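In what follows, a single structure is set out as structure tokens and then discussed.
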Amino acid sequence: MAAAASHQQQHRHPKRRRLALALTTSPTPDAAPPLDALADELLFLSFALASRACHAAESRHRRAVRPLRADLLPAALARYPCATRLDLSLCARVPDAALSSSSCSASASAIRAVDLSRSRGFGAAGVAALTSSCPELADLDLSNGVDLGDAAAAEVARAKGLRRLSLARWKPLTDMGLGCVAVGCAELRQLSLKWCLGVTDLGIQLLALKCRKLTSLDISYTMITKDSFPAIMKLPNLQELTLVGCIGIDDDALCSLEKECSKSLQVLDLSQCQNITDVGVSSIMKSVPSLLELDLSFCCPVTPSMVRSFQKIPKLRTLKLEGCKFMADGLKAIGTSCVSLRELSLSKCCGVTDTELSFTMSRLKNLLKLDITCCRNITDVSLEAITSSCTSLISLRMESCSRVSSNALQLIGKHCSHLEELDLTDSDLDDEGLKALARRSKLSSLKIGICLKISDEGLTHIGRSCPKLRDIDLYRCGGLSDDGIIQIAQGCPMLESINLSYCTEITDRSLISLSKCTKLNTLEIRGCPMITSTGLSEIAMGCRLLSKLDIKKCFEINDVGMLYLSQFSHSLRQINLSYCSVTDIGLLSLSSISGLQNMTIVHLAGITPNGLTATLMLCGCLTKVKLHEAFKSMVPPHMIKNVEARGCVFQWIDKPFKVEMEPCDVWKQQSQDVLVR
Amino acid sequence: MDLSQNHIHNQSAANLYYQFGSDNSFPGLGTQQQFPPFTSPFGASPSTNIPHMDWNPATMLDNLTFIEEKIRQVKDVIHTMVDSGGQLSCHQGEIAQKKQVVNADLTCLIVQLISTAGSLLPSLKNSSFLRHPAAGHMDMANHVGPSSGLVPNAMTVSEENKEDMCSPEDYEELFKGWTDGTIKEGIEIGNVLVEEQDMKDGDEGKDGENLPPGSCELLQLEKDEILAPHTHFCSICGKGFKRDANLRMHMRGHGDEYKSPAALAKPPRDASAEHELVKRYSCPFVSCKRNKLHKNFQPLKTILCVKNHYKRSHCEKSYTCSRCHTKKFSVMADLKTHEKHCGRDKWLCSCGTSFSRKDKLFAHVALFQGHTPALPSEEPKTCSDQISHAGSHQESTKVPNSMGSSFMWGASSGDNNALDIKGFDGCNDDFLSTANFGSFNLSFGPADGFTGEPSGGSFSMLPSEHFQSA
Chain S
1 MAAAASHQQQ HRHPKRRRLA LALTTSPTPD AAPPLDALAD ELLFLSFALA SRACHAAESR
61 HRRAVRPLRA DLLPAALARY PCATRLDLSL CARVPDAALS SSSCSASASA IRAVDLSRSR
121 GFGAAGVAAL TSSCPELADL DLSNGVDLGD AAAAEVARAK GLRRLSLARW KPLTDMGLGC
181 VAVGCAELRQ LSLKWCLGVT DLGIQLLALK CRKLTSLDIS YTMITKDSFP AIMKLPNLQE
241 LTLVGCIGID DDALCSLEKE CSKSLQVLDL SQCQNITDVG VSSIMKSVPS LLELDLSFCC
301 PVTPSMVRSF QKIPKLRTLK LEGCKFMADG LKAIGTSCVS LRELSLSKCC GVTDTELSFT
361 MSRLKNLLKL DITCCRNITD VSLEAITSSC TSLISLRMES CSRVSSNALQ LIGKHCSHLE
421 ELDLTDSDLD DEGLKALARR SKLSSLKIGI CLKISDEGLT HIGRSCPKLR DIDLYRCGGL
481 SDDGIIQIAQ GCPMLESINL SYCTEITDRS LISLSKCTKL NTLEIRGCPM ITSTGLSEIA
541 MGCRLLSKLD IKKCFEINDV GMLYLSQFSH SLRQINLSYC SVTDIGLLSL SSISGLQNMT
601 IVHLAGITPN GLTATLMLCG CLTKVKLHEA FKSMVPPHMI KNVEARGCVF QWIDKPFKVE
661 MEPCDVWKQQ SQDVLVR
Chain E
1 MDLSQNHIHN QSAANLYYQF GSDNSFPGLG TQQQFPPFTS PFGASPSTNI PHMDWNPATM
61 LDNLTFIEEK IRQVKDVIHT MVDSGGQLSC HQGEIAQKKQ VVNADLTCLI VQLISTAGSL
121 LPSLKNSSFL RHPAAGHMDM ANHVGPSSGL VPNAMTVSEE NKEDMCSPED YEELFKGWTD
181 GTIKEGIEIG NVLVEEQDMK DGDEGKDGEN LPPGSCELLQ LEKDEILAPH THFCSICGKG
241 FKRDANLRMH MRGHGDEYKS PAALAKPPRD ASAEHELVKR YSCPFVSCKR NKLHKNFQPL
301 KTILCVKNHY KRSHCEKSYT CSRCHTKKFS VMADLKTHEK HCGRDKWLCS CGTSFSRKDK
361 LFAHVALFQG HTPALPSEEP KTCSDQISHA GSHQESTKVP NSMGSSFMWG ASSGDNNALD
421 IKGFDGCNDD FLSTANFGSF NLSFGPADGF TGEPSGGSFS MLPSEHFQSA
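First to last, the sequence lines map onto chains S and E. 73 is the number that UniProt numbering gives to position 73 of the first sequence; each next residue is one higher, with no gaps. 78 is the number that UniProt numbering gives to position 78 of the second sequence; each next residue is one higher, with no gaps.
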């Protein structure tokens, strides 16, 4: 029933059976804790099926249930009576009937958390069934209920014990529904009303009056104005307030607050509030003395006076100023006023210059995270200041800082000994820089896409000394070949995600070595024309957790690769098959991957409308399918409607068929030409 | 001119008006002789052609018989009330109903009496200085009748009075009888009424004396006065009006002297009136906050306030909204106001209260613990209930079969949803089977995935936007 445990094929597989036998000998049915050590898949497929006792033990053990199909919900709940968490994110369509039938089973009464954020098809009746059958319900995620409105909200309000609730994107929701929730769920701690465009000040005011225990409130993209703003800020326990894109919040609203009116507030997100200026921001600082995090991204120009007002919030740790324009000395003021900063984001900011940035960095010695993505004017001077003063950095993101030289990039490796996350995409990084980085054994995420100067030698250093690496991005690193990848695969057993797109020299050897990385869940090998089904089949057999696969423009991959995937990769959720040599047979075989949600099937010469239709009908969990526009007329419309009725969204692509790929250097040059223009 | 006689008439008129509590209009009638619109009929020269009411004792007798009859009816009702009250088995509602009947009957009686007395007054006055009625002074009913259509009681009486007159002694006797009659009536009707009558007399006496020093004049009107439909009465014909302005307009019909701008203007505020104490009113209902005996007494400011307050708070709500048939009002104006908005009050609270404005509802919900906004029951249901039968009404489209497919679909056949999946099941059977283990039937795989598909009835067109895939 669980997502991971989806297929029956495997217990017939001889290897599987041996494993199952081996496992039955060890744990007794009572030994619940040891079960935690097992992966879900093993637990279900091998352990639970071994004997009745083990089956019962597994039934009692499982706390979280993630069904693949909504119609099996009652059976799932009956089997796992101790389950407290019900995750329906794999069921694109959950009809009211499924929710009401599941409510019949007595076992639902233990459920405390339900996630319906990715499901559709249910209405107020389904919500009513859910809330009436789960008296313990404390956590309910109903995000993306674009059709749900006041009636459903009134049903939600019956869950008196709710502590966490998300109603994001409930477009038909009005103050009436919110009022019901506010009155009904007085215990609410966290509430998201993001994109609830029908909600106005009246509803928010009532909410602030009735739900006094709220600690976290997200009212992004709503139309609230200064009328309800003071009421929100006076919530006694509010710690986190998210106001992204609230165009009704202006300087007036911010200035209307009294002094120290929200002593509990720790996180304030005002990003994309287009109608506020530095005056308003300066004014609100007096009201929020305990603030720890402030997000002013894409909000207003940063002036020195505004930054000086940050002195009123001495505990400020995180400051996000993405996309802001720095007025004269604004950045310098950060260095003098916000000495306690741990995290600073200046991504895509205008007006970040070497002198100001290096001044600021020399003051912020405690900085742990720095994001200077797309600060294109900074040079080696800034980087020297960063690396020399902020030696405790654990995260540095500087994508597209293309004026920093490769020599300066070596400084990162030399000085930042705690670095865990590094983004040097589109930089001048070379093997020497990688060699310097190799001393940083804590590195877990390394993004060095579009670094044309790096070669296998540099990667070898990384592979040898970064055993904790989980995520590596080598997008369009044209200088790489199999040897470098093999070094990574051997040296980084924790690898979860690798992007080798457009590394055109890569062959099956890389994939064979990567198949030893059993934790790999994301593999992107788009535009690697030398890869064949052989490599993919090794990945399929070795990396059982693979959930995201991009093999677009791997022209050699054919049905054989798909057959292997269908046999082994039962965690697969997302696949891009465009331009492959897959035919109807390969496509149809994919339909046995029951959790497959997202497919991109464009420009596949071997696919016929019939095969496509059959696949679409058989993949019951599909939520999004990208197809070439030409198929729109060839697939029977009622089939499309049928699939759409299950919760799938079609996207029709109309791109021309284009096989040839530019070499990486040409591509990079083109991308920089665009920048200059 | 016989001033003393005039004074007597004035007194009787004052009594009459006083009884009906129009304190506003007649502030100091007893002392102020020259109050234009009301004193002039009595002080006017007989040579002016005032139309005098012709008076017929037979008609008067008829009227009184009618009144007697009415009183008997009322008495009967009250007797039954007394009897059943003794048994303690009477229903509350029944009593209330009977009270209402009594109320209505008494009101009717009062109106009748006034009308009758009103027809008597001018003749009486007339006869006092003109021993015989002038032949040219025809019945005023001819003049007033048409214009008094608003007040049916008054009109019927005055029209009955077309016939000719009687001797003044009779009038006086009758008038006496009338006043006695009211008192007698009160005694006869029952203890309740007598008590009230007594209270009234007492209160009227007290009102002047019990004034809190230097603040205001406190008046308490009686229940009957409050419930009387009219407060302004024509001193000539007795016709009742709700507004003084309407009475003034009416007075024009009684002669040209009433047409002067001065007469038509609002009664001028006397200089002395300025020094007069502000009037405040007390509700006759004991234990009401508006009653002067209440410890947190809050006086009412005008007679209208008294009337509306008394009806709203202490009377049966007898006007039912013709639209919703649920809301009831005791003041007609409230009903009218409500009916204007009835059905448009779409903002409902769980307690059943409805509001015309959302902010009013939210203020209400904010104020009361446990109240929650209620959704109108006819709200359109959400998507799942409005599923369109998209699949079943689709015209079949031809599928290009020329692609060398190994699968044949029933797409171009008649039943679109009955997809020919059999062959499919067969060909996938090897690796797409249903697994059965233990008692638990775990069904996976595409074969099941298909059979578990929503059938034709549950297709809906879902909006394609905003749904993010993993």
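Cβ atoms here follow ideal geometry from the backbone N, Cα and C, with glycine treated the same way. Just so you know, these numbers come straight off a predicted model, no measurement behind them.
Taking a beta-carbon distance threshold of 8 Å, Pro373(E) counts as an interface residue toward chain S. In the structure shown, the three-state DSSP call for Cys664(S) is helix. In the three-state DSSP reduction, Ile236(E) falls in the coil class, being neither helix nor strand.
In this structure, the CA atom of Arg342(S) is about 28 Å from the CA atom of Tyr221(S). Setting aside the 5 residues that flank it on each side, His628(S) is surrounded in the same chain by Val602, Ile653, each with a C-beta closer than 6 Å to its C-beta; the list follows chain order. Rounded to whole angstroms, Pro301(S) and Thr355(S) show a C-alpha spacing of 19 Å.
Pairing Leu590(S) with Leu563(S), the inter-Cα distance amounts to about 7 Å. Assignment of Gln311(S) by DSSP, reduced to helix, strand and coil, places it in the helix class.
Under the rule that a run must span 4 or more residues, the alpha helix (DSSP H) segments found entirely inside the segment 62-147 of chain S read 73-79, 96-104, 124-133. For the segment 194-211 of chain S, the residues whose beta carbon sits under 9 Å from a beta carbon of chain E are, in order, Trp195, Thr200, Leu202, Gly203, Gln205, Leu206, Leu209, Lys210. Residue burial is scored here from C-beta neighbours: Val649(S) has at least 16 other C-beta atoms within 10 angstroms and is therefore classed as buried. Judged by DSSP secondary structure, Gln597(S) falls outside any beta strand (DSSP E); it is assigned neither H nor E. In the three-state DSSP reduction, Ala57(S) falls in the helix class (H, G or I). Per DSSP, the beta bridge partners of Tyr319(E) are Phe329(E). At a cut-off of 8 Å between C-beta atoms, Ala151(S) counts as an interface residue with respect to chain E. For Tyr258(E), there is no enclosing alpha helix (DSSP H), as DSSP marks it with neither H nor E. The beta-bridge partner set that DSSP reports for Asp218(S) consists of Ser192(S), Thr242(S). In this structure, the CA atom of Gly463(S) is about 4 Å from the CA atom of Ile488(S). It is roughly 10 Å from the alpha-carbon of Lys171(S) to the alpha-carbon of Lys194(S). Remark: C-beta atoms of Arg440(S) and Gly413(S) approach each other more closely than 8 Å. Per DSSP, reduced to three states, the secondary structure at Ile653(S) is strand. Ser362(S) and Ile334(S) have their C-alpha atoms spaced approximately 11 Å apart. Taking a beta-carbon distance threshold of 8 Å, Val183(S) counts as an interface residue toward chain E.
For the segment 357-368 of chain E, the set of positions with a beta-carbon nearer than 7 Å to some beta-carbon of chain S reads Lys358, Asp359, Phe362, Val365, Ala366 in chain order.
Under DSSP, His628(S) forms a beta bridge with Ile653(S). Cα atoms of Ser671(S) and Cys554(S): separation of roughly 23 Å, rounded to the nearest angstrom.
Assignment of Val183(S) by DSSP, reduced to helix, strand and coil, places it in the helix class. With contacts defined by Cβ atoms closer than 8 Å, Asp278(S) and Val244(S) do not form a contacting pair.
Within the segment 371-397 of chain S, the beta strand (DSSP E) runs of at least 3 residues that lie entirely inside it are, in chain order, 395-397. Under the 8 Å Cβ criterion, the segment 74-85 of chain S does not count as touching the segment 620-640 of chain S, having fewer than three qualifying pairs. Under the 8 Å criterion on CB atoms, Ala128(S) is classed as non-interfacial with respect to chain E.
Inside the segment 329-369 of chain E, DSSP marks whole beta strand (DSSP E) runs of 3 or more residues at positions 347-349, from first to last along the chain. Shown here, Ser313(E) sits in a helix according to DSSP, grouped into three states. Around the C-beta of Cys351(E), fewer than 16 other C-beta atoms lie within 10 Å, and the residue is accordingly described as exposed. For Ser445(S), the beta-bridge partners assigned by DSSP are Glu421(S), Asp471(S).
The beta carbon of Leu316(S) is closer than 8 Å to those of Leu291, Leu292, Glu293, Leu294, Phe310, Cys338, Ser340, Leu341 in its chain, skipping five residues each way along the sequence.
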